[in-house]
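Enquirer:
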Amino acid sequence: MKNIKVLFFGKLKEIWENNHLNLKTESSNIEELYSELLKSASSEPFKSSIKVARNDEFCDWSTTIEDGDEVAFLPPASGG
Amino acid sequence: MFRLSENPINDNDLKKLTLDDECGGFVCFEGWVRNHNQGKSVLKLAYEAYPKLAEKEGNQIIEEAFEKFAIKKALCTHRIGTLAIGDMAVWVGVSAAHRDAAFKACRYILDEVKSRVPIWKNEHWTDGESGWVEQE
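For the protein sequence lines, the chains are A and U, in the order given. Taking this note's numbering, the leading residue of the first sequence gets 34, the next gets one more, and so forth. Taking this note's numbering, the leading residue of the second sequence gets 163, the next gets one more, and so forth.
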């Protein structure tokens, strides 16, 4: 089991009703972690618009996660 | 350099930092909070960022601008937190020897910041409701 901190931003905070979660998981990559997280989502977000980051770096959905990682799910940017 | 700011943007200070004796052109863009969006009357905006990644991505965009255009200096500051109508939300300034590079680099930095830097805008409308703004 890995301990992972998950961060949600923007409208994803509302979908998960939280800005972060600390969880224990057996998911091996971000894709699997996301599928696991969907079970606790209040609605299903538009996945293809979400970017993911691991330990403050953008990464792919297939990126492996390790114990102690911080994984962020980012909706499309709307700054400016 | 790109940075996030929780405090009002001091455009005079930023301009002084961007001007350069070797440059004949200075181009600046200021983004201001307006009182309406997509048919709704806006009361205020709340900007949220993923700070570490936002500063990293913002600085990457400025590096790209230096690679693409013949510019001498480039700065961008983006506000976070709650902003009222008439507050400045983003400032981009570029100095270059000649105007063409300065105009193009300023546009490039602004467009890339809006689409790539993890910053999100929550609009609060005068009807009491609020909502996250989708990418334009």
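Note that the Cβ used here is the ideal one computed from N, Cα and C, for glycine as well.
1. Measuring CA to CA, which of Tyr-212/U, His-240/U, His-260/U, Gln-222/U is closest to Phe-41/A?
2. Over the uninterrupted alpha helix (DSSP H) stretch that includes Phe-231/U, give me the two end residues.
3. Classify Glu-64/A as helix, strand or coil using the three-state DSSP reduction.
4. Have a look at Ser-257/U and Lys-44/A and give me their C-alpha separation to the nearest angstrom.
5. Can you give the Cα-Cα distance for Asn-55/A and Lys-35/A, rounded to whole angstroms?
6. Kindly say whether Ala-108/A, judged by its beta-carbon, lies nearer than 9 Å to any beta-carbon of chain U.
7. Tell whether a beta-carbon distance below 9 Å holds between Thr-97/A and Ser-61/A.
8. At least one CB of chain U closer than 9 Å to the CB of Ala-74/A: is that the case?
9. Alpha carbons only, please: which of Asp-93/A, Ser-73/A, Asn-88/A, Lys-72/A is nearest the one belonging to Ser-82/A?
10. Am I right that Ile-224/U and Phe-164/U are in contact with their C-beta atoms under 8 Å? What's the rounded C-beta distance?
11. Who are the near neighbours of Glu-99/A in its chain, counting only those whose CB is closer than 7 Å to its CB and skipping five residues on each side?
12. Compute every distance between the C-beta of Lys-177/U and the non-hydrogen atoms of the ligand MG, then say whether any falls below 8 Å.
13. At 4 residues or longer, what runs of the alpha helix (DSSP H) sit wholly inside the region 243-283 of chain U?
14. Note down, in chain order, every chain A residue with its Cβ under 9 Å from the Cβ of Lys-206/U.
15. Does the beta carbon of Asn-172/U come closer than 9 Å to any beta carbon on chain A?
16. Using only alpha-carbon positions, find the residue among Gly-113/A, Val-39/A, Phe-91/A that is nearest to Leu-71/A.
17. Can you confirm whether Gly-187/U, when its beta carbon is compared against all beta carbons of chain A, has any partner nearer than 9 Å?
18. By Cβ distance below 8 Å, which residues in the same chain neighbour Trp-282/U in space, the five residues on each side in sequence not counted?
19. Closest to Glu-291/U by CA distance: which of Ile-233/U, Lys-202/U, Phe-228/U, Arg-241/U is it?
Expert: In this structure, then:
1. Taking the first sequence and counting its residues from 1, the one referred to as residue 41/A is at position 8. With distances taken between Cα atoms, Phe-41/A lies closest to Tyr-212/U.
2. Along the second sequence, read from residue 1 onward, the residue named residue 231/U stands at position 69. Taken as a continuous stretch (DSSP letters only), Phe-231/U belongs to no alpha helix (DSSP H), as it is neither H nor E.
3. Translated into positions along the first sequence, residue 64/A becomes position 31. Helix.
4. One-based indexing of the second sequence puts residue 257/U at position 95. One-based indexing of the first sequence puts residue 44/A at position 11. Each residue's CA atom was taken as its position, placing Ser-257/U and Lys-44/A some 37 Å apart.
5. Here residue 55/A refers to the residue found at position 22 of the first sequence. Here residue 35/A refers to the residue found at position 2 of the first sequence. When rounded, the distance between both Cα atoms is 10 Å.
6. Within the first sequence, residue 108/A is the residue found at index 75, counting from 1. Per the sequence presented here, residue 108/A reads as Pro, with Ala not at that position. Among the residues facing chain U, Pro-108/A is included, as its CB has a counterpart in that chain under 9 Å away.
7. Locating residue 97/A in the first sequence gives position 64, counting from the first residue. Locating residue 61/A in the first sequence gives position 28, counting from the first residue. The Cβ-Cβ distance between Thr-97/A and Ser-61/A falls below 9 Å.
8. As a first step, residue 74/A must be located in the first sequence, where it is residue number 41. Interface flag for Ala-74/A against chain U is unset, since no Cβ pair is found closer than 9 Å.
9. Numbered from 1 along the first sequence, position 49 holds the residue referred to as residue 82/A. Ranking the options by Cα distance to Ser-82/A, first place goes to Asp-93/A.
10. As a working note, residue 224/U is residue 62 in the second sequence. As a working note, residue 164/U is residue 2 in the second sequence. At roughly 6 Å, the Cβ-Cβ gap stays under 8 Å, so Ile-224/U and Phe-164/U are in contact.
11. Counted from its first residue, the first sequence places residue 99/A at position 66. Cβ neighbours of Glu-99/A within its own chain (closer than 7 Å, five residues either side excluded): Lys-35.
12. This structure does not include the ligand MG; it has no bound ligands of any sort.
13. Listed in chain order, the complete alpha helix (DSSP H) runs (minimum 4 residues) inside the region 243-283 of chain U are 261-278.
14. The residue given as residue 206/U occupies position 44 in the second sequence. Per Cβ cutoff of 9 Å: no residues; Lys-206/U is ~15 Å from chain A at best.
15. Within the second sequence, the letter at position 10 stands for residue 172/U. Chain A contact via Cβ: absent.
16. Along the first sequence, one-based indexing puts residue 71/A at 38. Relative to Leu-71/A, the option among Gly-113/A, Val-39/A, Phe-91/A whose CA is nearest is Val-39/A.
17. Locating residue 187/U in the second sequence gives position 25, counting from the first residue. For Gly-187/U, the closest Cβ of chain A is not nearer than 9 Å.
18. On the second sequence, residue 282/U is found 120 positions in, with the first residue counted as 1. Contacts found: Tyr-209, Glu-210, Ala-211, Trp-294, Val-295.
19. Position 129 of the second sequence, counting from 1, holds the residue named residue 291/U. When only C-alpha atoms are compared, the closest one is Lys-202/U.
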